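Chains as they are written, first to last, in the working numbering: chain A, -4 to 188; chain B, -4 to 188.
Built from N, CA and C at the ideal position, the CB exists for glycine as well.
All of these numbers come straight from a predicted model, not from anything done at the bench.
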DNA sequence: TAAATTTCTTGATTCAAATCATTGGAGCCG
DNA sequence: CGGCTCCAATGATTTGAATCAAGAAATTTA
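Below is the structure:
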């Protein structure tokens, strides 16, 4: 049931069977149907999720009411509005299933308990946050320094699997473009070759 | 000498005098004159820095050779190309002093040693990375969902001190705008009131 | 299978920001 | 002090993406 979560942790630190059991004792499971929400803006994010199966999108709503996708998540990726999770503030993000999903959840109390009692769990989480920060920094850099064409090419080469599973207009939203513009970029790129 | 660093750690975890001494033993000090570089693209980032005094900018160079500022740092902020630091890859970022600076440095071996020997240091670093991630996520959200006017207003309200110390064309670069556009946004905003 | 919905493409037009160019002021150094 | 460099403001023009609009293709669902 929780093999995906344990294997993620074991990639960074090696757990004993005993430690694996202690972690599993803190986890819960949840399934979502396509178009169901894991989190809605304004709610408090009570859980961090790990995707065991499926695909989801995170999006925010701007002052004019338009949606902007800020992240996708596939198998093995973590999810949640960390700001809301840690500070118990209303979430500003929405997280919606794009396919039927299996998620593995950990609550804040469970997370804090593991941090307190299991140094390896804290090490895992430190590494996870460091890597997440580095990845987000790369994205920020691309957003500010690459042209739309280059951004799309970079996206395709880093996340080819997302391109296959997610509608194109959502990728446009992620890149900060209209669907029409992304369509034109694609035809421009394919005519170049 | 290293009070700024210790007070940052003590904000998150409380250190004993003994622990403070162990940390200080791993730190070094560096001064930079205005326009000197802490890090240049292509070099390996051997240290993470904490700013004790002064102001710096981080910028990247795009495929056309144009500079884009991705971050500023003032007193109490941490600095470095984490990707390069942890993976010992060539840095993609440049970090330059905008004023004469005092920095407090920690090398990778020193950092790893403290992580191994002092659980509180790992806790501090986990919290630091989590907060940095949350802050960067907010910025990414603003970049994708706010209009240039709104982004500038948000920047001024979050970092009023940076606005006072940094030339306007650098703030334009940080916001992904030309200096001319930012100048026009400012006059537009001031005429609104 | 057929109808309905969603998604993608393409064209015409509008609009906002980039670019190009100039001026005026502020701070710095000989 | 005067000349120099850097910086901000403003105007004219160009450019590229958004918007508006329509239709084709693909997927869902009845």
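query	result
Sheet register partners of residue 48 of chain A (DSSP bridge)	A:97
Stretch pair the stretch 111 to 125 of chain B + the stretch 120 to 132 of chain A: three plus CB contacts closer than 8 angstroms	yes
Cβ distance (whole Å) where residue 147 of chain A is taken to contact residue 177 of chain A below 8 angstroms	7 angstroms
Counted within 10 angstroms of its Cβ, other Cβ atoms place residue 152 of chain A as buried (16 or more) or exposed	exposed
Chain B contact for residue 57 of chain A (CB, 7 angstroms cutoff)	yes
Limits of the beta strand (DSSP E) - the one that residue 65 of chain A falls within	62 to 68
Residue closest to residue 145 of chain B, alpha-carbon to alpha-carbon, out of B:183, B:42, B:5, B:7	B:183
Close-in-space but distant-in-sequence residues of the same chain around residue 136 of chain B (CB under 8 angstroms, 5 per side omitted)	none
Residues near residue 47 of chain B by beta carbon distance below 6 angstroms, same chain, minus five either side	-1, 97, 99
Nearest-angstrom Cα separation, counted from residue 60 of chain A out to residue 103 of chain B	45 angstroms
Per-residue DSSP class, three states only, for residue 23 of chain A	strand
N-terminal and C-terminal residue of the alpha helix (DSSP H) that residue 122 of chain B is part of	114 to 140
Residue burial classification, residue 49 of chain A (beta-carbon count within 10 angstroms, cutoff 16)	buried
Bridge partner(s) assigned by DSSP for residue 54 of chain A	A:64, A:89
Residue 147 of chain A in three-state terms, based on DSSP	helix
Identity of the residues DSSP links to residue 32 of chain B by a beta bridge	B:91
Within-7 angstroms CB hit, residue 127 of chain A to chain B	yes
Any chain B beta carbon closer than 7 angstroms to residue 103 of chain A	no
Residue 165 of chain B and residue 138 of chain A closer than 7 angstroms at C-beta	no
DSSP-derived helix/strand/coil call for residue 159 of chain A	helix
Per-residue burial, residue 30 of chain B [other beta carbons within 10 Å of its own, 16 or more giving buried]	exposed
Within-7 angstroms CB hit, residue 9 of chain B to chain A	no
For residue 82 of chain B, the first and last residue of its enclosing alpha helix (DSSP H)	77 to 82
Expected contact under 8 angstroms - CB spacing of residue 86 of chain A and residue 37 of chain A to nearest Å	7 angstroms
Sequence-distant residues of the same chain with beta carbon closer than 6 angstroms to residue 19 of chain A, five excluded per side	-3
Own chain partners of residue 170 of chain A with C-beta closer than 8 angstroms, once the 5 adjacent residues on each side are dropped	143, 146, 147, 150, 177
Delimiting residues of the alpha helix (DSSP H) encompassing residue 223 of chain A	No answer is possible for residue 223 of chain A: the residues shown for chain A start at -4 and end at 188.
Between the CA atoms of residue 80 of chain A and residue 23 of chain A - distance to the nearest angstrom	16 angstroms
Nearest-angstrom Cα separation, counted from residue 107 of chain A out to residue 13 of chain A	19 angstroms
As assigned by DSSP and simplified to three states, the class of residue 42 of chain B	strand
Residue 74 of chain A, DSSP secondary structure in three states	strand
Residue 58 of chain A versus B:3, B:141, B:155, B:52, residue with shortest Cα-Cα distance	B:141
Nearest residue (CA-CA) to residue 68 of chain A, options A:84, A:44, A:82, A:17	A:44
Between the CA atoms of residue 88 of chain A and residue 52 of chain A - distance to the nearest angstrom	10 angstroms
Buried or exposed (CB count within 10 angstroms, at least 16 for buried), residue 159 of chain B	exposed
DSSP beta-bridge partners of residue 102 of chain A	A:42
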